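Heads up: the protein sequence lines correspond to chains F and L, in order. Heads up: the first sequence begins at 1 in this note's numbering, then just goes up one per residue. Heads up: the second sequence begins at 107 in this note's numbering, then just goes up one per residue. Below is one structure; the comments refer to it alone.
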Amino acid sequence: MDNILNEIGIENYIFLAVILFSIGVCGVLYRRNAIIVFMSIEIMLNAVNLLFVAFSTYHQDTQGQIFVFFSMAVAAAEVAVGLAILVSIFKNMGTISIDKLKNLKG
Amino acid sequence: MSTVLIIFCVLSAITLATAFLTVFSRSPIHSALYLVICFFSIAGHYLLLNSQFLAIVHVIVYSGAIMILFLFTIMLMNLNEKKEVHRPRITRLGAIVAFSLICIVLILVFINSKPIVGEYTTTGDDYQSIKVLGKVLLNEYMVPFEFASVLLLVAMIGSVLLSKKEKSEN
Chain F
1 MDNILNEIGI ENYIFLAVIL FSIGVCGVLY RRNAIIVFMS IEIMLNAVNL LFVAFSTYHQ
61 DTQGQIFVFF SMAVAAAEVA VGLAILVSIF KNMGTISIDK LKNLKG
Chain L
107 MSTVLIIFCV LSAITLATAF LTVFSRSPIH SALYLVICFF SIAGHYLLLN SQFLAIVHVI
167 VYSGAIMILF LFTIMLMNLN EKKEVHRPRI TRLGAIVAFS LICIVLILVF INSKPIVGEY
227 TTTGDDYQSI KVLGKVLLNE YMVPFEFASV LLLVAMIGSV LLSKKEKSEN
């Protein structure tokens with residue numbers, strides 16, 4: 001298992017991460033349910049983390065993995081605050097469809 | 107085909123299929139459950155790349171903490187799947203066009219950066235065991251580590267304040 005990238009190849013990881021990221025972008029653009037939009041953002045974050053780990057293995061460097069730790073901490077904080085905001089929006093407006101959140105529109 | 111490549115292909119198929127189902131399934135509960143499977147398969151990818159500590163942390167943080175948050179929020183809101191109206195065709199078209207464009211551009215960027223990132227060589231050094239990771243994290247990255255703790259504290263206080271019941275003005 002030492003030289004795993006010799007057998008798989010970094011290109012395959014790049015393809016996987018890019019397609020995963022694009023699925024996330026597609027979800028953010030297509031869905032109108034704010035919770036699903038949050039899940040799509042998580043998918044995008046995970047795609048980037050996966051690419052970080054793959055290149056960390058590729059360069060035999062620890063720093064990519066350290067960066068993934070910090071990105072996980074930020075993702076956890078972001079989800080906690082974002083879902084609290086969603087709950088309070090739901091309590092005030094009765095919906096979380098982002099089509100209905102137009103109060104700032106002039 | 108070697109065994110590792112077969113494992114990689116199966117894991118990738120699971121990851122992509124469940125991510126797709128997360129985005130396009132009708133009920134939010136099903137989306138959340140598919141997302142759990144997606145996170146587990148990504149942890150499998152980390153294990154395949156021989157970074158065990160990250161795989162464990164990923165399972166604990168994502169499949170444990172974040173998915174519990176999602177499921178509880180969906181439960182609190184009691185979302186009805188019939189509520190979501192059908193999307194107009196232009197939105198769907200825009201999403202598909204954005205998907206393909208981002209795919210093509212990112213793949214081309216990464217493929218053309220091949221001469222810059224260089225060839226893969228293995229030196230046999232230990233660079234991803236918990237011992238090495240801990241040393242690097244607490245020596246070079248000490249200050250960001252402390253700031254991460256402050257960030258988590260602020261996020262905790264913020265979410266408590268946001269979801270607290272508001273007192274009436276009078």
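For each residue, glycine too, the CB sits at the ideal point set by N, CA and C. Since the structure is predicted, the reported quantities are computational estimates derived from the model, not experimental observations.
Excluding sequence positions up to five before and after phenylalanine 90(F), its CB lies within less than 7 Å of the CB of Ile96, all in the same chain and listed in chain order. Rounded to the nearest whole angstrom, the CA to CA distance from isoleucine 196(L) to aspartate 99(F) is 15 Å. For valine 163(L), the enclosing alpha helix (DSSP H) covers residues 158–164. Of the residues assessed, arginine 31(F) falls on the buried side of the cut-off, its CB having 16 or more other CB atoms within 10 angstroms.
Within chain F, Ser56, Thr57, Thr62, Gln65 have C-beta atoms less than 8 Å from the C-beta of glutamine 234(L), given in sequence order.
With contact defined as three or more Cβ pairs closer than 8 Å, the segment 59–75 of chain F and the segment 254–268 of chain L are in contact.
Taking 8 Å as the cut-off, the beta carbon of valine 25(F) is found closer than this to the beta carbon of phenylalanine 205(L). Here serine 97(F) is bridged, per DSSP, to Asn33(F). Taking a contact as a CB-CB distance under 8 Å, the pair leucine 117(L) and histidine 151(L) counts as one, their CB atoms being some 6 Å apart. A distance below 8 Å between beta-carbons, with the five flanking residues on each side excluded, links asparagine 49(F) to the following residues of its chain, in chain order: Val68, Ser71, Met72. The Cβ-Cβ distance between glycine 27(F) and isoleucine 36(F) falls below 8 Å. Chain L places a beta carbon closer than 8 Å to that of isoleucine 19(F), counting this residue as a contact. In this structure serine 56(F) is buried. Its beta-carbon is surrounded by 16 or more other beta-carbon atoms within 10 angstroms. The straight-line gap separating the alpha-carbon atoms of asparagine 156(L) and serine 269(L) is approximately 40 Å. Using beta-carbon distances, asparagine 156(L) counts as an interface residue toward chain F, with a partner under 8 Å.
Residue contact with chain F for arginine 195(L): absent (no Cβ-Cβ distance below 8 Å to any residue of chain F). DSSP places threonine 121(L) in the helix class (H, G or I) of the three-state scheme. Asparagine 46(F) is not a Cβ neighbour of leucine 83(F), given a cutoff of 8 Å.
When DSSP assignments are scanned along the segment 20–98 of chain F, the uninterrupted stretches of alpha helix (DSSP H) that are 4 or more residues long and fall wholly within it turn out to be 34–59, 63–93. Between lysine 237(L) and the set Thr227(L), Tyr226(L), Phe159(L), the nearest pair of CA atoms involves Phe159(L). Contact annotation: methionine 39(F) and threonine 128(L) have beta-carbon atoms nearer than 8 Å. Selection Ile162(L), Pro134(L), Ser133(L) evaluated against phenylalanine 145(L) yields Ile162(L) as nearest (Cα-Cα). Below the 8 Å Cβ cutoff, chain F contributes Ile35, Phe38, Met39, Val79, Leu83 as neighbours of phenylalanine 176(L), in chain order. Each residue's CA atom was taken as its position, placing isoleucine 10(F) and leucine 104(F) some 45 Å apart.
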